Amino acid sequence: MARIDDILQGQLLGQSFDCECGRRHSVPTRVVDVGPGAVDRVPAILSQVVEARTALAIADRRTWQAAGERTHASLASVIQCDRTLLADGADGQLHASVEAVGRLEAATADAYEVYIAVGSGTVNDITKELAHRRRRPYVVVATAASMNGYTSSIVALLDRGLKTTGPATPPLAVIADPEVLAAAPLELTLAGLGDLVSKPYCGCDWWIASMVRGEAYCPEPQRILGEAFDSSLAVLPRLAGRDPAAVALLAKLLVVSGMTMTIAGSSSPASGGEHLLSHYWDMIRSRDGRPLGLHGAQVGVASLAMDALYARILDADFSKAHCAPDPGPDAEDSLREAFGSLAEAVLPQWRAKLARRGERDLELLRANEAAIKAEITKVLATGRKVRAALAAAGAPMWAADLGITRGELAAAIRYGRAIRDRYTVLDVAAELGLLEDFAADYPDREQIWAGP
14 MARIDDILQG
24 QLLGQSFDCE
34 CGRRHSVPTR
44 VVDVGPGAVD
54 RVPAILSQVV
64 EARTALAIAD
74 RRTWQAAGER
84 THASLASVIQ
94 CDRTLLADGA
104 DGQLHASVEA
114 VGRLEAATAD
124 AYEVYIAVGS
134 GTVNDITKEL
144 AHRRRRPYVV
154 VATAASMNGY
164 TSSIVALLDR
174 GLKTTGPATP
184 PLAVIADPEV
194 LAAAPLELTL
204 AGLGDLVSKP
214 YCGCDWWIAS
224 MVRGEAYCPE
234 PQRILGEAFD
244 SSLAVLPRLA
254 GRDPAAVALL
264 AKLLVVSGMT
274 MTIAGSSSPA
284 SGGEHLLSHY
294 WDMIRSRDGR
304 PLGLHGAQVG
314 VASLAMDALY
324 ARILDADFSK
334 AHCAPDPGPD
344 AEDSLREAFG
354 SLAEAVLPQW
364 RAKLARRGER
374 DLELLRANEA
384 AIKAEITKVL
394 ATGRKVRAAL
404 AAAGAPMWAA
414 DLGITRGELA
424 AAIRYGRAIR
434 DRYTVLDVAA
444 ELGLLEDFAA
454 DYPDREQIWA
464 GP
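The opening residue of the sequence shown carries number 14 in the numbering used here; numbering runs sequentially from there.
#1: Apart from the five residues on each side of it in sequence, which residues of its chain come closer than 8 Å, Cβ to Cβ, to S223?
#2: By the three-class DSSP mapping on this structure, what secondary structure does Q93 have?
#3: Just to confirm the assignment, what range does the alpha helix (DSSP H) spanning P257 have?
#4: Give the straight-line distance between the Cα atoms of P282 and A72, rounded to the nearest whole angstrom.
#5: Touching or not, the segment 199 to 216 and the segment 389 to 404, by the rule of three or more beta carbon pairs under 8 Å?
#6: Using the C-alpha atoms, what's the distance from T164 back to D450?
#7: For V248, which residues of its own chain have a beta-carbon under 7 Å away from its beta-carbon, when the five flanking residues on both sides are left out?
#8: By the DSSP assignment, the beta strand (DSSP E) with Y128 in it spans what residues?
#9: Is the CB-CB distance between I432 and H292 below 7 Å?
#10: According to DSSP, is P361 part of a helix, a strand, or is it coil?
#11: Could you tell me the distance, in whole angstroms, from the CA atom of D19 to the CA atom of N137?
#12: Taking the continuous beta strand (DSSP E) assigned at R1, which residues delimit it?
#13: For E444, collect the residues of the same chain with a Cβ closer than 6 Å to its Cβ; drop the 5 residues on either side in sequence, then sort them by chain order.
#14: So S279 and Y214 are in contact, right, with Cβ under 8 Å, and what is the actual spacing, rounded?
#15: If you draw a straight line from the C-alpha of P56 to the C-alpha of V91, how long is it?
#16: Following the continuous alpha helix (DSSP H) through K398, name the residue where it begins and the one where it ends.
#17: Where does D450 sit, in a helix, a strand or coil, going by DSSP?
#18: Anyone know if the C-beta pair for L267 and A195 falls short of 7 Å?
#19: Which residue from L367, A358, L290 and V152 puts its Cα closest to that of L428?
#20: With 16 other CB atoms within 10 Å as the buried threshold, where does K391 fall?
#21: Would you call the CB atoms of A424 and A310 closer than 7 Å?
#22: Rounded to the nearest angstrom, what separates L403 and A119 at their Cα positions?
Structure follows, in structure tokens:
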């Protein structure tokens, strides 16, 4: 794993560089310490990245026990460090939402020079948004290798039921003790694996969008993570046994995955059609007042669905691509029925997507059939390793594993692409006339399906 360690020992950290894509990229994160005793090094790392006399440690009741109390005690011995614990919602869960950030903002003085997020996805996103609003730096003490958003320049929040993403400043440092990570609930670690394995599908979506829609594309994020990702798949099955070395490797890969989004200036390197399915499930569950699932676990399940969808595209005749008014004969009526009270938030994204597509895109899709299919072939070869890694680790692989119904799976495949003005494999499949049939017959469990 020399490549991943080279990156995390300073090859990219805190650097700016000119890229062959014509842009200048920057990585604001300056220190990544994933190693034994890392939590005890928080004061030294903090002094290395920022001059601060006052800090606020932000955690929830679970992450406070995992690493928060220890972090707070070590910092309080050298600077003024207060703490706040984020409260669960009425459903017993803490959600990364605009409302949660607002509550934290109202409850804390704008007097701290640095914030310390102690937690994983939700705590990190809430703290990241608060730091961004107040133009303060922050560092994160990770308590689970559960997602790749730690080092991204993006924050994902629920806003009145709609899953939104917005710009935010990455942390100056990421600190994680493998023993703490390995002690996290196994489902969180397996969710991190699910988030990670989406990489080949996200990358392919992004590349196709550049070929068909002219989206800005940079090969550097794919190169940075690609070699380490491929070589790690044989190690990651050890996650099932809570092997600290395997969990540490997963955490490092997730941290670098987040950096690729920062380098790209968008979530495209690490978020494609599979993430839209996960966002759809979050939105519908939030709308209906049901507990949300783990993001990474949903992404892993959705990644396997996208693998199967790519396999169908590989056999498709691109000359049949068309701008069908889908989903359904009347798209907006279909979306209103599918999203209910969320429809008015979704429709602007859908209309923006429709306004951008046209015959020129279809001509480019047809003209690039051979190149696109060659790229898909590479993705499917990696996909076989992805499936094996998920199975060996005991990670969720099918919608039924997560309590997602057959109808919810089909609806996510059919309507997920409406929630973002982004071109993904879901749009390619729709233009090739494949999406509706795929939504109708891709199963929610393994035993009833023989493959694409």
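For every residue, glycine included, the Cβ atom is placed at its ideal position computed from N, Cα and C.
Computed from a predicted model, the values in this text were never measured in an experiment.
Judging by the given coordinates:
#1: If the five residues before and after S223 are omitted, its C-beta is found closer than 8 Å to the C-beta atoms of A229 and Y230, all from its own chain and listed in chain order.
#2: In this structure, Q93 counts as strand in the three-state DSSP scheme.
#3: Secondary structure note for P257: its alpha helix (DSSP H) is the uninterrupted segment P257 to A277.
#4: If I take the Cα positions, the gap works out to 29 Å.
#5: Touching, per the Cβ criterion.
#6: Here the C-alpha atom of D450 lies approximately 38 Å from the C-alpha atom of T164.
#7: These residues qualify, in order along the chain: A259 and L262.
#8: Per DSSP, Y128 belongs to the beta strand (DSSP E) from V127 to G132.
#9: The beta carbons of I432 and H292 sit closer together than 7 Å.
#10: In the structure shown, the three-state DSSP call for P361 is helix.
#11: It is roughly 25 Å from the alpha-carbon of D19 to the alpha-carbon of N137.
#12: Examination of residue 1 is not possible in this model, given that the chain is present from 14 through 465 alone.
#13: Cβ contact annotation for E444 (same chain, cutoff 6 Å, sequence separation greater than five): A334, in chain order.
#14: Rounded, the Cβ-Cβ distance is 16 Å, inconsistent with contact.
#15: Cα to Cα, the separation comes out at about 7 Å.
#16: First-last of the alpha helix (DSSP H) with K398: E382 to A406.
#17: Annotated three-state conformation of D450 is helix, per DSSP.
#18: Cβ atoms of L267 and A195: not closer than 7 Å.
#19: Inspection of the sequence shows that residue 428 is occupied by Tyr rather than by Leu. Answer by Cα proximity: L290.
#20: Flag for K391 reads exposed.
#21: Taking 7 Å as the Cβ cut-off, A424 and A310 do not qualify as a contacting pair.
#22: Those two C-alpha atoms are separated by around 42 Å.
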